[in-house]
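Visitor: One structure, as structure tokens, below. Some questions next.
Chains as they are written, first to last, in this note's numbering: chain A, 1 to 417; chain B, 418 to 834.
Quick look at the structure:
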């Protein structure tokens, strides 16, 4: 089929395409795969009860349900929801946030498509600018989003070994260069895939660097504060006119609603709203409708702090223990799980590639994500890129237990132990 | 703000941006605007009852609701829903449709963003291809979707006057040229804004022309058969491996769910699914969940035929009569309302532009859409482009009655009658 460069580039087999395909197939009822691969959040009963109550309340509230499903929202998204989010953030952090600082998108993924292509790619004067990831590994979903070639640039991290088993990535500020070829800086915090949480110091320094270069700092906060709060360290959340903070309802437990939330200065929000109109007419209304009351009452904060965070923190601890126990006998490192719901396993002496390991595991009905997809923009031939896998521990513990056992067996076979 | 060409192009004030902004503001509770401007469907109680019943059934069905909201669908969309749509179309039309011929998108708008940019724009060999609209006026939402300049090419229609008041557009096949610069042909049927329904003969001829040139024919079927069936003439619906048929749940009454449905050959669907993964991770699941049973049982067909179609057909007749009565005394034509829920009013001797008329009406709290936005790709300086407005008659009849009265008054002031 003869298609445009856009078609060829974006539709060629992508990391995120493989991930979502595997995820979708594994989630379909007929599958008996041990699903440690995707980014699906857990079904936490206490949280789901809120969503059920919310939709039941909506159904009882006269014609509120009919109004909710039957009208387009404006291009920036549901007005009542946006006002509630603005007030929540004012109250929680004292930020000077108004409705005009917020736009919704049909999920966070398209928010990054929009933002990256606004700030990188070809400019009017024909210069090309890139998105800089100051630390890789970074989120797989960014990989194919750029509409021009050579869209990302990224940097290797500094690796700190806490002990034999646990390590942590840091930004290599010594070697971090920002020049006119950079259109924006982006980090996810907590980081998908590693579970890293950049320190307050690192974020402050990035924010200052971005401001000094007059480019925005984009923070992917899909797992962060104040909701869903899947973050196990104490950090400060910051926002200013030069930071674009992206939130989501997905990891709260509503991936099906596709609700992304962008927080930025008015000029950027106005632009995002216009892009929304052109690309999507309007963001969907179901996510906002289900969660507006949760936000208005502030319950979303306590729910996140008291239910969601402890739920995943507990899973993180158990999963880490299990992984360390099962992997005993071979050389491995695990990134300190500070947030998200992934373990990032590093096998520094793995004799096969991560892709081969992924394939071997898939043969045994265990789905993980090979690590090499998580280095968007890192052109350097760094062996580390092929020594890691991402393992989701959000689902049923029994599945994780079986899965990590098989992973350990497979790695041991590869290591010939 | 320094942004890329993509940012500049797509986010500059667009027709669809203005439309959606006005629509959103008018739909917010505080407004007392007479809303004849947007594309919001009516709230039909009998239809909404189905949606309410459906979500109530879901809530009673064990943890079906929790599963529906808590999982990502695969990149091509909800599997059960897609299977149901495939079976429905097989049964209704005898088409050889399988699940692999269907992908969902977050609303129809992004389906056109994806399809247009796959088939037009810059190709690998650096040639530029365009989307051809063989008949304008055509849908406002297409205008700004192209990521390169000079993205569309369009053609003036042949105008047939049925009587003094009623006219109909036809495709000017005599002058229709398809050469290597065309990447795909696109029509909406029924046509938004005019309410035109291309004849079976016209569609057959376009389909043959597209096949002969080895490019797809894209049919925007958002108001068409078999659902929502807002179409008041008897026509044949066709599909083949070279036709991309786009359906939607929006005009059925679910705009908030953002569910678009693309029907095409497997190769195109595979490509759309990959683009979905990259741009959106996955389509939303709420629309499919609310309507899967309606589709499985075939009720969506009877609902469309027996409730939705007569509802709008009746409104079309009443609105047309009202408009003819109110506009009495000035020179006007109205496109024969054969489908959609718009009247397309043409004032051939209008001394002011359509944009000025729109502004004047907005001052009097009546929102319509100025006609000049509905000629994407038509570069010719054709006076007709500034002599028309689109008026939505889907909402409360009292609003239409008041609105058309004010429109007539304003046009008469402009005509100096």
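We put the beta carbon where it would ideally sit given N, CA and C, even for glycine.
Fully enclosed by the segment 671-702 of chain B, which beta strand (DSSP E) runs are 3 residues long or longer?
Guide: Segments of the beta strand (DSSP E) lying fully in the segment 671-702 of chain B: 676-680.
Visitor: Put residue 747(B) into one of helix, strand or coil per three-state DSSP.
Guide: Counting from one through the second chain, the residue named residue 747(B) turns up at place 330. Coil at residue 747(B), not helix or strand.
Visitor: For chain A, find out if any of its Cβ atoms is closer than 8 Å to the Cβ of residue 489(B); answer yes or no.
Guide: Along the second chain, one-based indexing puts residue 489(B) at 72. Residue 489(B) counts as touching chain A.
Visitor: Note down, in chain order, each residue of its chain lying with its Cβ closer than 6 Å to the Cβ of residue 387(B), except the 5 sequence neighbours on either side.
Guide: Here chain B comprises residues numbered 418 to 834, so residue 387(B) is not present and cannot be evaluated.
Visitor: DSSP three-state label for residue 366(A), please.
Guide: The sequence position of residue 366(A) within the first chain is 366, counting from 1. It is a strand residue.
Visitor: Is it the case that the Cβ atoms of residue 319(A) and residue 393(A) are separated by a distance below 8 Å?
Guide: Reading the first chain from its first residue, position 319 is the one you call residue 319(A). Reading the first chain from its first residue, position 393 is the one you call residue 393(A). It is a contact, given that the beta carbons lie within the stated cut-off.
Visitor: Going by DSSP, what residue range makes up the alpha helix (DSSP H) through residue 481(B)?
Guide: Along the second chain, one-based indexing puts residue 481(B) at 64. Where residue 481(B) is concerned, the enclosing alpha helix (DSSP H) stretches over 481-487.
Visitor: By the three-class DSSP mapping on this structure, what secondary structure does residue 6(A) have?
Guide: Counting from one through the first chain, the residue named residue 6(A) turns up at place 6. Of the three classes helix, strand and coil, the one that applies to residue 6(A) here is helix, per DSSP.
Visitor: Roughly how many angstroms separate the alpha carbons of residue 399(A) and residue 313(A), rounded to a whole number?
Guide: The sequence position of residue 399(A) within the first chain is 399, counting from 1. The sequence position of residue 313(A) within the first chain is 313, counting from 1. The straight-line gap from Cα to Cα measures roughly 17 Å.
Visitor: Could you tell me the alpha carbon to alpha carbon distance between residue 29(A) and residue 39(A), rounded to whole angstroms?
Guide: In the first chain, the residue the question calls residue 29(A) occupies position 29. In the first chain, the residue the question calls residue 39(A) occupies position 39. Its pLDDT being 49, under 50, residue 29(A) is placed unreliably by the model, and the measurement read from it follows with that caveat. Distance between the alpha carbons of residue 29(A) and residue 39(A) is about 18 Å.
Visitor: Can you name, in chain order, every residue of its own chain whose Cβ lies under 7 Å from the Cβ of residue 94(A), other than the five neighbours on each side?
Guide: Here residue 94(A) refers to the residue found at position 94 when the first chain is read from its first residue. Result list for residue 94(A): empty, nothing under 7 Å.
Visitor: Checking the sheet assignment: what are the DSSP bridge partners for residue 154(A)?
Guide: Here the question's residue 154(A) lines up with position 154 in the first chain. In DSSP, residue 154(A) forms a bridge with 133(A).
Visitor: Can you name the residues of chain A whose CB is closer than 8 Å to the CB of residue 535(B)?
Guide: Numbered from 1 along the second chain, position 118 holds the residue referred to as residue 535(B). Correct list: 3, 4, 6, 7, 11.
Visitor: Taking all protein chains shown into account, decide if residue 421(B) is buried (16 or more other Cβ within 10 angstroms of its Cβ) or exposed.
Guide: Position 4 of the second chain, counting from 1, holds the residue named residue 421(B). Residue 421(B) is buried by the Cβ-count criterion.
Visitor: Does the beta carbon of residue 602(B) sit closer than 8 Å to a beta carbon anywhere in chain A?
Guide: Taking the first residue of the second chain as 1, we reach residue 602(B) at position 185. It does not; no Cβ of chain A falls within 8 Å.
Visitor: With a threshold of 6 Å on Cβ separation, who are the neighbours of residue 139(A) within its own chain once the five nearest residues in sequence on each side are excluded?
Guide: The residue you call residue 139(A) lines up with position 139 of the first chain. Counting only Cβ-Cβ distances below 6 Å, and skipping sequence neighbours, we find 188, 192.
Visitor: With 8 Å as the threshold, decide whether the Cβ of residue 826(B) is near any Cβ in chain A.
Guide: Translated into the one-based positions of the second chain, residue 826(B) becomes position 409. Not closer than 8 Å to any Cβ of chain A, the Cβ of residue 826(B) fails to qualify, so no.
Visitor: Going by the beta-carbon positions, is the gap between residue 153(A) and residue 132(A) smaller than 8 Å?
Guide: Numbered from 1 along the first chain, position 153 holds the residue referred to as residue 153(A). Numbered from 1 along the first chain, position 132 holds the residue referred to as residue 132(A). A contact, by the Cβ cut-off of 8 Å.
Visitor: With a threshold of 8 Å on Cβ separation, who are the neighbours of residue 48(A) within its own chain once the five nearest residues in sequence on each side are excluded?
Guide: Within the first chain, numbered from 1, the residue matching residue 48(A) stands at position 48. Once the five neighbours on either side are set aside, the close Cβ partners of residue 48(A) are 253.
Visitor: Check whether the segment 524-538 of chain B and the segment 688-703 of chain B touch, using three or more Cβ-Cβ pairs below 8 Å as the test.
Guide: These segments touch.
Visitor: Applying the 10 Å Cβ sphere with the 16-neighbour rule, what's the burial state of residue 66(A)?
Guide: Here residue 66(A) is taken as the residue at index 66 of the first chain, counted from 1. Burial call: buried.
Visitor: Anything in chain A within Cβ reach of residue 703(B), meaning under 8 Å, just list it in chain order.
Guide: By 1-based counting over the second chain, the position of residue 703(B) is 286. 256, 257, 284, 286, listed in chain order.
Visitor: Closest by CA to residue 70(A), which one among 724(B), 580(B), 459(B)?
Guide: Residue numbering aside, residue 70(A) sits at position 70 when the first chain is read from its first letter. Measuring from the Cα of residue 70(A), the nearest candidate turns out to be 459(B).
Visitor: In chain B, which residues lie with their C-beta within 8 Å of the C-beta of residue 38(A)?
Guide: Here the question's residue 38(A) lines up with position 38 in the first chain. What residue 38(A) touches in chain B: 489.
Visitor: Just list the residues that DSSP pairs residue 523(B) with in beta bridges.
Guide: If you number the second chain from 1, residue 523(B) lands on position 106. BP columns for residue 523(B) point to 676(B).
Visitor: Given this structure, state the Cα-to-Cα distance separating residue 772(B) from residue 542(B), to the nearest angstrom.
Guide: As a position in the second chain, residue 772(B) is number 355, starting the count at 1. As a position in the second chain, residue 542(B) is number 125, starting the count at 1. When rounded, the distance between both Cα atoms is 40 Å.
Visitor: Using a beta-carbon distance below 8 Å, is residue 539(B) in contact with chain A?
Guide: Within the second chain, the letter at position 122 stands for residue 539(B). Yes, its Cβ sits closer than 8 Å to a Cβ of chain A.
Visitor: Leaving aside the five residues before and after residue 709(B) along the sequence, list all residues of the same chain whose C-beta is less than 7 Å from its C-beta, in chain order.
Guide: What you label residue 709(B) is simply residue 292 of the second chain in a count that begins at 1. Exclusion of the five residues before and after residue 709(B) leaves 497, 498, 501 as the residues of its chain whose Cβ lies within less than 7 Å of its Cβ.
Visitor: Give a yes or no on whether the C-beta atoms belonging to residue 137(A) and residue 311(A) are separated by under 8 Å.
Guide: The count along the first chain starts at 1 and reaches residue 137(A) at position 137. The count along the first chain starts at 1 and reaches residue 311(A) at position 311. Judged by their CB atoms, residue 137(A) and residue 311(A) are not nearer to each other than the 8 Å cut-off.
Visitor: Any C-beta of chain B sitting closer than 8 Å to the C-beta of residue 400(A)?
Guide: One-based indexing of the first chain puts residue 400(A) at position 400. Chain B, which has no Cβ nearer than 8 Å to the Cβ of residue 400(A), makes this no.
Visitor: Starting from the C-beta of residue 351(A), find all residues in its chain whose C-beta is less than 8 Å away, skip the five residues before and the five after it, and write them out in chain order.
Guide: For the purposes of this step, residue 351(A) is taken as the residue at position 351 of the first chain. 414, 415, 416.
Visitor: Of all Cβ atoms in chain A, is any one closer than 8 Å to the Cβ of residue 516(B)?
Guide: For the purposes of this step, residue 516(B) is identified with residue 99 of the second chain, where counting begins at 1. Taking Cβ atoms only, chain A never reaches closer than 8 Å to residue 516(B), which makes this a no.
Visitor: Examine chain A for any beta-carbon lying closer than 8 Å to the beta-carbon of residue 562(B), and answer yes or no.
Guide: Translated into positions along the second chain, residue 562(B) becomes position 145. Yes, residue 562(B) lies at the interface with chain A (some Cβ there is under 8 Å from its Cβ).
Visitor: Residue 205(A) CB to nearest chain B CB: under 8 Å?
Guide: Numbered from its first residue, the first chain carries residue 205(A) at position 205. Chain B, which has no Cβ nearer than 8 Å to the Cβ of residue 205(A), makes this no.
Visitor: Indicate whether at least one CB of chain B lies closer than 8 Å to the CB of residue 59(A).
Guide: Taking the first residue of the first chain as position 1, residue 59(A) is located at position 59. For residue 59(A), the answer is yes, since a Cβ of chain B falls inside 8 Å of its Cβ.
Visitor: Between the C-alpha atoms of residue 597(B) and residue 22(A), what's the straight-line distance to the nearest angstrom?
Guide: One-based indexing of the second chain puts residue 597(B) at position 180. One-based indexing of the first chain puts residue 22(A) at position 22. So the alpha carbons of these two residues sit roughly 38 Å apart.
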